[in-house]
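In the numbering used here, the protein residues as written are 9 to 471.
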């Protein structure tokens, strides 16, 4: 099966000091050439057999995200995956997560082809389910796809896809479809909404998702076919809607936001005793961390010291939870999980650098520095070099190098894994130890929304 693409080249623009979390991670990694895909002449996958192997790998590890059972009688090969963008997206993610020690030779070509196909598909209407499945894949593994944070703009592509879904027949309901087909379609749209909110929270941008979408998502639980995975996705959707409502769409009032988070935890308490619940706990702590960060600059010195201590505790908890609960599925988690882990490490480094005089220099700080070394080593040990774990590890290393020594003398004894060449990695000036007073609330960026897609920047039908 041929893999075709045309020439495409995007342009990056450096973020300013008002960068949002994902923009920070992208720019911290951008100057490293280790993972940068290059334009290449067209070339096919080796053969149809290789394509089927890649599709099988994707189905086994990621199929449930797009309504495909990980095993069963349903055929999932080049004869059934006929939609070009879906085929390319599945093969791309499978190549990036290959078990081979060296990068797949066609991965970068698949990425370029996916971007070309995506830019064309977003401008078409009446899309089939396969289009929405493909967009979901590319949004969930946007860093993996292009080997840089925000190599694909998940906020933009999911936003367009959700607008398309309003007129797509596949989401309108038909009597001639089976219950499982209806459930799969609803599941895909629910996951699109969740991925969109992930991007909204991580980039501080407005959502096209509404509260009615959250309620529709909950209806999946009444179908009788919801698994532990689907239930967790509904719970996570509800959680990120709380984070969006209180942290992005309106002025943050911390007590009210905390009350909403505690109510969410009470509602889903039963789920927090079930398998894979650590991912929900991680997102819950991540949300708390972001809210504390937004509140930090407006508090008194006494309250600020308490917030700093709590933020370090949350950062430590997220990193330790990731290490302690690693299993066979860890390698196949979505990029957002790794974004959260990296951002907590970067946040801890930033706090220790900027507010060192407010922190107790001693055991707690030394333990945090040791834990950051451990999380870097852990990320470097996940999957092949093309895995997001390695990319996020580079981001943390770059931040640590940029900030330099911290308040504790133990900083001089950091693991050699953090002693990297400064010329290979860089971070935005907002992470520099000598940065002027930084407004932690003013992080809404003037977003370069089309760095990664050749589509109109301001479509009047989009918002």
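For every residue, glycine included, the Cβ atom is placed at its ideal position computed from N, Cα and C.
Collapsing the DSSP output to three states places residue 358 in a helix. Per DSSP, the unbroken alpha helix (DSSP H) holding residue 143 starts and ends at 137 to 148. Inclusion of residue 396 and residue 148 in the CB contact set at 8 angstroms is not warranted, their separation being larger than that value. The alpha carbon of residue 330 has as its nearest neighbour, out of 382, 156, 63, 157, the alpha carbon of 382.
Approximately 6 angstroms separates the beta-carbon atoms of residue 173 and residue 197; this is inside 8 angstroms, confirming the contact.
Residues 228 of the same chain have their beta carbon placed closer than 7 angstroms to that of residue 194, with the five preceding and five following residues left out of the count.
Annotated as proximal: residue 403 and residue 354, with beta-carbon spacing under 8 angstroms. Per DSSP, residue 178 lies in no alpha helix (DSSP H) and is assigned neither H nor E. In the DSSP assignment, residue 269 falls within the unbroken alpha helix (DSSP H) covering 262 to 275. Only residues of its own chain outside the window of five on either side were considered, and among them 104, 111 have a CB closer than 6 angstroms to the CB of residue 394, listed in chain order. Here the alpha carbons of residue 85 and residue 297 stand approximately 43 angstroms from one another. When DSSP states are grouped into helix, strand and coil, residue 363 belongs to the coil group. The C-beta distance from residue 122 to residue 93 rounds to 7 angstroms, short enough to meet the 8 angstroms contact threshold.
In this structure, the straight-line span from the alpha carbon of residue 206 to that of residue 213 is close to 10 angstroms.
Note that the C-beta distance between residue 108 and residue 283 is not below 8 angstroms.
Taking one beta carbon from each stretch, the stretch 129 to 142 and the stretch 175 to 187 have 3 or more pairs nearer than 8 angstroms; the two touch. An exposed status is given to residue 184, since fewer than 16 other beta-carbon atoms sit within 10 Å of its beta-carbon. Rounded to whole angstroms, the gap between the alpha carbons of residue 293 and residue 255 is 14 angstroms. Here residue 235 carries a coil assignment [DSSP, helix/strand/coil]. Here residue 132 carries a coil assignment [DSSP, helix/strand/coil]. Taking a contact as a CB-CB distance under 8 angstroms, the pair residue 348 and residue 380 does not count as one, their CB atoms being some 15 angstroms apart.
For residue 303, the enclosing alpha helix (DSSP H) stretches over residues 285 to 303. For residue 406, the enclosing alpha helix (DSSP H) begins and ends at 396 to 411. Counting only the Cα atoms, residue 316 lies some 8 angstroms from residue 304.
When secondary structure is reduced to three states using DSSP, residue 242 falls in the helix class. When 154, 88, 211 are compared, the shortest CA-CA separation from residue 164 is found for 211. If you look at residue 190, you'll find it in the alpha helix (DSSP H) that goes 187 to 211. Of the residues 90, 372, 225, the one whose Cα lies closest to the Cα of residue 246 is 225. Using a 10 angstroms sphere on the CB of residue 265, the tally of other CB atoms reaches 16 or more, which defines it as buried.
Annotated as proximal: residue 70 and residue 340, with beta-carbon spacing under 8 angstroms. Here residue 75 carries a coil assignment [DSSP, helix/strand/coil].
The straight-line gap separating the alpha-carbon atoms of residue 88 and residue 390 is approximately 32 angstroms.
About 6 angstroms separates the Cβ atoms of residue 239 and residue 279, confirming a contact at the 8 angstroms cut-off.
Shown here, residue 159 sits in coil according to DSSP, grouped into three states, outside any helix or strand. Note on residue 202: 16 or more other CB atoms within 10 angstroms of its CB, so buried under the neighbour-count rule.
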